[in-house]
Amino acid sequence: MTRPTTPALLDRFGRLHTYLRVSVTDRCNYRCVYCLPEEGASWLPRDGVLRYEEIARVVRIMAPMGLRRVRLTGGEPTVRKDIEDLVAAVAAVPGLEEVTMTTNAHRFAPLAVGLRRAGLTRVNISVDSLDPARFARITRGGDLAAVLAGIDAAIDAGLTPVKLNMVVMRGVNDDELLPMTRWAMERAPAVQLRFIEYMPFAERWHENLPAAEMRARLAALGELVPAPERQGGGPAAHWRVGPLIVGFIAPITEHFCAACNRLRLLADGHLRTCLAHEDTPSLLTSLRGGASDEAIAGQIRTIVLGKPAGHLAEAEGGKAFEGVMTQIGG
Ligand code: SAM
């Protein structure tokens, strides 16, 4: 990794921030039960959303400060027009090593090759059930066949390994832990699987299934061998089950705040240092108000220095996460 050329994105706790999640839109074509209210959220007005050139400028400012990887998320990134233009603009920033995307893949199949050509490195696809009726219930109207076509297209386009994200909810889809793993094993190494602990946005604590319990259940498929290699530098702890790499993202029971290297640029220009904390200023005013790159870099450094040690949601009764995931970019 090349060293940062301007004062790095270091916080008070010595954490270097190399990873930026960009919520490119707060809009989504799905209404997943754990993410959005049924009626949808109140969408941002279009001129309140960062333009592509503004996002690319923030990335250009942050790259010399140590930023190496950008993930485009949302909302649903594929509902934003000409998303490959943003991928190309971000991928062209010197120093950046990776541009990835998290998508529900409903619209992904026809976009896969173009996104790859534009410079997308890999893709994470959310799939919480392999049963079409249950999938439609969880996503409130989603089409599993379209998503599976999206997964195939991503593999064919070489956006591999395709990481499949399953949010595990007790009593909702936890009976699919083994079927989902078997399904993914058949597609390894082109896919990897990641189980995500349900985060209690709606304070439905009882549906959180701790990662340790998931691992215990998975042992029915064979020994889980720790896979120490960092798979993309994210927060997942990785294991091997046969040919498959399985990650567990456990923001609640095995939180990874001490090693957190991520920042979040929200669709409205707020730069969040933590999923669970809301009180950071927006870069939008500076971006549109004629501020210089140096001034914006200074603003970013101040925000990073204010990053808290960790979120406070690790225990029942702890502080619930604030805001709606589609705005924060889960
Ligand atoms: N629309 C895209 C998608 O479906 O992947 C990207 C945005 S989505 C907010 C990003 C990730 O956040 C998804 O993997 C989703 O499953 C996860 N997520 C959303 N709400 C969550 C919650 N309450 N607990 C755990 N994961 C959540």
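In my numbering, the protein residues as written are 672 to 1001.
Ideal placement from N, C-alpha and C gives every residue a C-beta, glycine not left out.
Asked, Found
"Gly918 by DSSP, collapsed to three states: which one?", "strand"
"According to DSSP, is Glu925 part of a helix, a strand, or is it coil?", "coil"
"Within 10 Å of its beta-carbon, does Phe684 have 16 or more other beta-carbons around it, so buried, or fewer, so exposed?", "exposed"
"List the residues that DSSP assigns as beta-bridge partners of Lys834.", "Asn795, Gln863"
"Pro881 and Thr831: beta carbons closer than 8 Å?", "no"
"Just the C-alpha distance for Arg742 and Met772, rounded to the nearest angstrom, thanks.", "5 Å"
"Using a threshold of 7 Å, is the CB atom of Tyr705 nearer than that to any non-hydrogen atom of ligand 1?", "yes"
"Using CA atoms only, rank isn't needed, just tell me which of Leu801, Pro979, Met837 is closest to Thr774.", "Met837"
"Can you give the Cα-Cα distance for Gly829 and Leu819, rounded to whole angstroms?", "16 Å"
"For a test of the three-state rule: what should DSSP assign to Tyr705, helix, strand or coil?", "coil"
"Which same chain residues, not among the five before or five after Leu864, have their C-beta less than 8 Å away from its C-beta?", "Lys834, Leu835, Met837, Met851, Thr852, Ala855, Leu915, Ile916, Val917, Gly918"
"Measuring only from the beta carbon, is Glu747 closer than 7 Å to any heavy atom that is part of ligand 1?", "yes"
"Hey, quick one: how far does the beta strand (DSSP E) through Glu769 stretch, first residue to last?", "769-774"
"Using C-beta distances below 7 Å, list every residue in its chain close to Val896, excluding the 5 sequence neighbours before and after it, in chain order.", "Trp910, Arg911"
"Considering only residues of the same chain and omitting the five flanking positions on each side of Ser953, which have a CB-CB separation below 7 Å?", "Asp939, Gly940, His941"
"Could you say if the region 954-969 and the region 750-763 meet the contact criterion of at least three C-beta pairs nearer than 8 Å?", "no"
"Let me check you understand the geometry: is the CB of Tyr723 closer than 7 Å to at least one non-hydrogen atom of ligand 1?", "no"
"Using the C-alpha atoms, what's the distance from Ser713 back to Ile754?", "22 Å"
"Pull up the CB-CB distance for Leu687 and Asn932, whole angstroms please, since I reckon it's below 8 Å.", "6 Å"
"Counting along the chain, where does the beta strand (DSSP E) carrying Trp910 start and finish?", "908-912"
"Using C-beta distances below 7 Å, list every residue in its chain close to Asp823, excluding the 5 sequence neighbours before and after it, in chain order.", "none"
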